[in-house]
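Scroll down for the structure; my scribbles are underneath it.
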Amino acid sequence: MKSIDKTLVLFEFKDEIDSFLLQRSIGELRDTNTYILALLPEAQAHLKCMDIRFFNTYSFFNRRGHEQALLQSDRIYRFCQSFLTIKDDLGITEGYKISLLFYMRCYVHYILWLIEIIDNACSRWNINKILFCQRDYSHMTIPRLADNEGYVTDVGKIIASKYGIRYELFRGKIQKHKFAIKKITKFFITLAKLTAFTFNIYAMRRRWGKDKILVATSKNYNLDKVVKQFKEQFPHIHAVYLSEKNTLSLKRLFVTHDEDGYVSLPPYSSRKRRIRFFKALTEKVCKLENSPDADIVFEYKGVKFKTLVIKKIKKDIIPTICNIYGQSVYLEKFLKTFQPSIVISQMSRDINYNLGELTRLYNIPSLLISHGSHVPMANEYEKIEWGEHGLGLMNTHYKYVAIQSPWAKRYLQQIPTESKEIVTGPLLFAQTDREKKLILKQKIIPKYLDKKILIHAGTPKTRFARRFYVYETTDEYINNINSLIQNVKKIQNAYLIVRFRPNPEMSINNFKELLLPSDCYGIHTEGPFSDYLAIADLLISYSSTTIEEAILNKVPVLLYDPHGKYCHVKDAQPLNPFLEPRIDSCYYVSTEEHIYWGLRWIIENHLEKTDVPKSIWERHALQGTEVIKLVSYFEKLFSAESNLQPLLLNIS
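Under numbering that gives the first Met the number 0, read the sequence shown as residues 0 to 651, first letter to last.
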């Protein structure tokens, strides 16, 4: 008896579906022997609107997929480290390697994710033919994946060859890039930054003279509140904010009379210096490419992908690293000119990592206050992912690092830092006013004042910066929320708020389309998160800084992972009908079968009780005797006796 051919159609983007329908037929997609795998929410939502059956990635990238892909990623990362160390003429030794490896890792994770999903689909369904879109993914130089950039066809061809599966291509949409206009715009932005930098250095030096300077990387993640504390304590100091964004207004590019200063660092260096740096970096990458072990390391499930990675590094990542070098040249000029009393940052990636190195070289006090949450690790998978994550937030060249919670203390016991630890307590986390709970409920959800408010706040990692194991994929995120919706609708006195942040991979409309219809929940995208914490009776999440923010504000948390692979808070109370749980600050449900029981138990035994012991919060907070007031710790830097003279430098 002749076997029936099974066809796999792979769609990553919405426009690929439209291209398919123009060249082939919708009947092919409706054929019972055609299996459609839609990788991104925009493709899934489009197919759903057309009532075409499809599969997402949820069942093809499971716990084992997370684990095995992460282990392979770590092997690649460790292999590449020894090839990519480069020291520039400023004395920076680590920053460029950290940045290059970070962007390479993001791309490698995307490729590993594709391999795992497509390989599993082919073997599970016993596929005989695959249909790919030959898309136009030309794009401006950016280190991450561009919005239209996809490599399903490149990876899929290799997998098809591995299994002896035939494949067919259909043409994708021709993109209208307007590269010439974008390049001209980019040139003038760089020119404006260069002019503004020179003008601002002159203006600030003339206006402030030898006054003391505090430098902060930006106002984001509540760092402006920390700067405000310094300025209130020391009214004579001036704050200068750095920014690498291209969307700065002229008011911010050219400082005239503002109390604060703004310096935008141009990604520019002299032709001679840039060529020298470019050659040195390219030589390192070529040595990596030509290493006899590279082909073995860049392989997963029989799929070799070294060529894809090296091409991405050469085309997109190296130019980005060269731009960071250009910014570093001007950053050094700024630091030598003003010799700030202190530099404060909430992250350490790209130019901000180099900022930490330069402050060490020039003996300028520098402080890193992480905007993220850092937790102790239970296994090798968590240590790999959180370890790399910490290179941008905890383990850096900044002289000091703020310890905001006991979790961060335990994290650094496992992955020590060379920075001096200052136990400060929470500095950047959201703070709520629970006394305004009723007022805020009337403002945000006036129809549900009598309900217990459950807020879901997660951080799914998209293909642009995917992290395995400790974060959800986009499809896991959607699946887990739908699981909550199915169970919350059975609880009459509960209402679910889904706190959602639209991103290039998932718009609000696509997100709505993929969630189950029900009046038991609402999607909220606007307003300060602190307002939502103030009205929350329970926060639900998989992995997010919001977990720590909730607990610090005495809002109980439910950690929900149907795969049972990851528990963000290691001593969370397991909820299981076969156990006898106790009231706690944090709960954990590790299977979908127990989520309804778990929600009911929390509502009945915790949220509806008035005698919840205060002691459940104590282990998550630093004790008052060990906490140091940050401003007082650095008081000597701004005293009259501390007279750090700026080094005058001719910028012209």
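Heads up, the beta-carbon is just placed ideally off N, CA and C, and yes, glycines get one too.
Since the model is a prediction, treat every value here as computed from it, not as a measurement.
Output the distance between the C-alpha atoms of residue i and residue j, rounded to the nearest integer angstrom.
i	j	result
Tyr632	Phe510	46 Å
Val342	Ile368	11 Å
Val568	Arg165	47 Å
Tyr393	Thr416	Per the sequence presented here, residue 393 reads as Met, with Tyr not at that position. Those two C-alpha atoms are separated by around 7 Å.
Asp518	Ile496	11 Å
Glu27	Gln133	18 Å
Leu574	Gly597	6 Å
Tyr162	Thr306	21 Å
Lys440	Tyr447	8 Å
Ile3	Phe53	19 Å
Thr197	Ile309	37 Å
Ser242	Ile317	21 Å
Glu625	Phe467	35 Å
Ser98	Gln80	11 Å
Tyr470	Gly260	37 Å
Asn362	Ala549	38 Å
Gln228	His235	13 Å
Asp530	Arg498	11 Å
Thr659	Leu287	Here the chain comprises residues numbered 0 to 651, so residue 659 is not present and cannot be evaluated.
Val302	Ile158	7 Å
Tyr150	Pro266	29 Å
Gln644	Ser418	Low confidence applies to Gln644: its pLDDT is 41, below 50, so where it sits in the model is not reliable enough to give any reading.
Ser482	Lys172	36 Å
Asp146	Pro503	7 Å
Lys408	Arg465	26 Å
Over what stretch of residues does the alpha helix (DSSP H) that includes residue i continue unbroken?
i	result
Arg359	Ile350 to Leu360
Val226	Leu222 to Gln232
Gly26	Ile25 to Arg29
Tyr565	Neither: Tyr565 is in no alpha helix (DSSP H) and is coded neither H nor E.
Ala711	An answer regarding residue 711 cannot be provided, because it is not within the stretch 0 to 651 covered by the chain.
Phe131	Note, Phe131: premise wrong, no alpha helix (DSSP H); beta strand (DSSP E) at Lys128 to Gln133.
His108	Gly94 to Trp124
Ala429	First-last for Ala429: undefined, no H or E at that position.
Tell me whether residue i counts as near the ligand SAM, meaning its Cβ is closer than 7 Å to at least one heavy atom of that ligand.
i	result
Lys224	With respect to small molecules bound, the structure shown includes none, and the ligand SAM cannot be examined in it.
Residue i by DSSP, collapsed to three states: which one?
i	result
Phe54	strand
Val487	helix
Phe297	coil
Gly515	The question names Gly, but residue 515 in the sequence shown is Leu. In this structure, Leu515 counts as coil in the three-state DSSP scheme.
Val154	helix
Leu7	strand
Glu243	Note that Glu243 scores 47 on pLDDT, short of 50, meaning its location in the model is unreliable and no value can be drawn from it.
Ser72	helix
Pro573	strand
Met505	strand
Which residue comes first and which comes last in the beta strand (DSSP E) that contains residue i?
i	result
Arg170	Arg165 to Arg170
Lys398	Note, Lys398: premise wrong, no beta strand (DSSP E); not H, not E.
Arg143	No beta strand (DSSP E) holds Arg143; DSSP gives it neither H nor E.
Arg498	Ala493 to Arg498
Glu471	Counting along the chain, Glu471 falls outside any beta strand (DSSP E), and DSSP gives it neither H nor E.
Ser344	Ile341 to Ser344
Ala535	Element bounds for Ala535: n/a, residue is neither H nor E.
Leu367	Ser365 to Leu367
Tyr34	Thr33 to Ala37
Ser260	Before going on, a small fix: residue 260 reads as Gly here, not Ser. That run of the beta strand (DSSP E) goes Gly260 to Ser263.
Ile454	Lys451 to Ala456
Gly391	Taken as a continuous stretch (DSSP letters only), Gly391 belongs to no beta strand (DSSP E), as it is neither H nor E.
List the whole-angstrom C-beta distance separating residue i from residue j, where the pair is believed to meet the contact cut-off of C-beta under 8 Å.
i	j	result
His619	Ser584	6 Å
Gly155	Phe187	Wrong, their Cβ atoms sit about 40 Å apart, outside the cutoff.
Lys211	Ser372	With 8 Å as the limit, Lys211 and Ser372 do not qualify as a contact, their Cβ atoms being about 32 Å apart.
Arg273	Gly355	About 23 Å separates the two Cβ atoms, so there is no contact after all.
Ile402	Glu420	5 Å
Val554	Ser540	Incorrect: roughly 11 Å between the Cβ atoms, too far for contact.
Leu513	Ala44	6 Å
Find out if the Cβ-Cβ distance for the pair residue i, residue j is shorter than 8 Å.
i	j	result
Pro40	Met505	yes
Asn351	Thr216	yes
Val487	Leu532	no
Phe169	Arg29	no
Leu113	Ala68	no
Ile480	His455	yes
Ala571	Leu558	yes
Ser268	Val328	yes
Pro561	Ile582	no
Leu9	Ile129	yes
Phe528	Phe233	no
Ile312	Met139	no
Asp116	Thr56	In the sequence on display, residue 116 carries Ile and not Asp. Result yes, Cβ atoms of Ile116 and Thr56 sit closer than 8 Å.
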